[in-house]
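First comes the structure, then the notes that go with it.
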Amino acid sequence: MNPEHETVIIGAGIGGLGAAIGLKRAGLTDFIILERSAGIGGTWYNNHYPDVAVDVPGIVYQFSFAKNPNWSRTFPKGREVQQYIAGLVDQYRLNDHLRLGHEVMARVWDEDNHLWRLTLADGRVITSRFVITAVGAFVEPKVPDIAGLESFGGKVIQTQNWDHDYDLSGKRIAVIGTGATSVQLIPQMARVASHLDVYQRRAIWVFAKPDFPIPRAARWALKYIPGLQSLIRGIAAAAVEVGLVAITVYGKQIAPITLIPNWACRAFLFTQVRDRELRKKLTPEYGFGCKRPSVSNIYYRTFTQPHVDLVTDPIAEITPTGIVTRDGVRRDIDVLVLATGFEMSQSPEVYRARPVKGRNGFDLADYYENNRAGPTRVSRCLSCPTPSWSLGHSPGAAVPGTSWWRTPRVSRCGSSPRRASGGLPRSRSRKRPITDSLSSSRPRPSRRSCMAVPASTPTRTTSTATVTSRSCGPPRRTSRREPASGFRWTTSVLNGYPSPRRARG
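Numbering-wise, full-length UniProt numbering puts 177 at position 177 of the sequence shown, and it's gapless, one number per residue.
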């Protein structure tokens, strides 16, 4: 049995589109992109709350091969990012590959036919040889487990599903959560609310944000002066990368150095908030880098306004009219905004609802339940024991910094499949093949050896043969330099003579 498609990419966000572009640039065009939403952009399509914006400079928030000289600000708003993403789809002619409104509910490996079966929400089944999962790190909004939440009689808004038709002017608003989303959202809520309560569990480190409009002359220079944008982008990316990688990867080794951003944030907080008690509430009790920091010029200052209260007492329950904290104080509200984060991509519950079933009864939900470190990584993207399945983001494959964009990282999720499948023909046989496993590390594939037989070493990817890499990192190097000899091939003799399906333009 032949699959309907060579590759299926799940997700039309930055990761999925980057993987699609990577395949196209390699001349591989037999793929589709399944997206459950009605539009492209992933997190930028779903998150459209007031003042949503990137929290790194826009000049590094782009692909190296598709630079945008027209960012209007150093930290572009979400609308501009969406326009950039739409431009990528047009530039690389991805519209014909997009399947919007197609939600994948299950992914099951068919061992007999050596392909993946993807079940959609409407019951249809799509088959493919490769699956690239690019659903991102933040999969589903996390609803807080607070007693009485469902009994609230006012308006409840989740940041991912913002209701722009609802008028917030003059309302008593409560925001639960003080993460990166709230840093952008809370100042906007303070502008329209008659009273704003912010419920904080843990404070967040916040830097000053060097955000300013980019003059037209500067945009002209970035566009027309050769090498200028690449130079500036390289410097900015290096600064962001060194900082983030140093803190997240080498935090213990450079612990004394992290005192510098710690002091910088404290000094910035002091200039914004002079009240000692309020400053104490807004100061994190953990070291810098233990949790994602953010940037804003107005977040801290918002809490000094007379109609804004920062509540640090835990929530006891939510009533039909408001919120009661454990100290017994009741605060009545009209609108409840949930900025409580997301279920991460490694959450077992995500894969209970949308299972991934591999070989020999492998269940990804059970694996994540027992292995919080995530799948073994090969070339950053591939995981075991799910043949031909490329995972764009996992605990064992995540890389901090701007590597998502450089080269680019997301399109490298197609690197190992491309290396594994390069030059192999696609089977046109309609009959189930008889397999004959070979023991050599990589037998030279003939025009008759096309079907997949899974190997048994750590992590695998397949095209017409199932291959297994012997390398397990570092991922940045292996994703770009994984040699063909690093894969083990098992071959099958087919009833038929397939011809290549590799595009030439």
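C-beta atoms are modelled at their ideal positions from N, C-alpha and C, and glycine is treated no differently.
Note that the structure is a prediction, hence the values are computed from the model and not measured.
Proximity of residue i and residue j at Cβ, strictly below 8 Å
i    : j    : result
F303 : L278 : yes
Y368 : P387 : no
A106 : I40  : no
I323 : A174 : yes
Q200 : L310 : yes
I204 : T178 : yes
G154 : V335 : yes
R219 : I59  : no
K357 : W109 : yes
P314 : S151 : no
Q253 : D51  : no
S296 : Q184 : yes
R354 : V8   : no
F31  : A53  : no
T133 : W116 : no
T34  : V89  : The residue you asked about is not Thr; residue 34 is Leu in the sequence shown. No, they are not a contact pair.
S169 : L100 : no
Buried or exposed by the 16-neighbour rule on C-beta atoms within 10 Å, applied to residue i
i    : result
D96  : exposed
Y224 : exposed
F212 : exposed
S463 : Summary for S463: the model assigns pLDDT 29, below 50, so the residue's position carries little reliability, and this model does not support an answer.
R447 : Confidence at R447 is low in this model, with a pLDDT of 33, below 50, so its placement is unreliable and no value can be given for it.
G11  : buried
T159 : buried
H5   : buried
G227 : exposed
Y300 : buried
P210 : exposed
S194 : exposed
N360 : exposed
P256 : exposed
H164 : exposed
Helix, strand or coil at residue i [DSSP, three-state]
i    : result
F130 : strand
W162 : coil
M105 : strand
A147 : coil
P187 : helix
L168 : coil
K209 : coil
L259 : helix
P38  : Looking at the sequence shown, residue 38 is not Pro but Ala. Note: A38 maps to coil in three-state DSSP.
K67  : coil
K77  : strand
T181 : helix
Y368 : helix
Y199 : strand
A12  : coil
R326 : coil
S390 : strand
D275 : coil
Residues that residue i bridges to, as DSSP identifies them
i    : result
F138 : M344
V192 : Bridge partners of V192: none, in fact.
T283 : Note: T283 sits in no beta bridge, so no partner.
T7   : F31, F130
K357 : V108, D363
I157 : V337
L120 : V104
A237 : The partner list for A237 (beta bridge, DSSP) is empty, contrary to what the question assumes.
D55  : DSSP lists no partner for D55.
Proximity test, residue i beta-carbon vs the ligand ZN heavy atom, cut-off 7 Å
i   : result
D90 : Looking at this structure, you won't find the ligand ZN or any other ligand, since it has none at all.
Curious, which full-length beta strand (DSSP E) runs of at least 3 residues does the region 291-324 contain?
-> Qualifying beta strand (DSSP E) stretches, in chain order: 308-311, 315-318.
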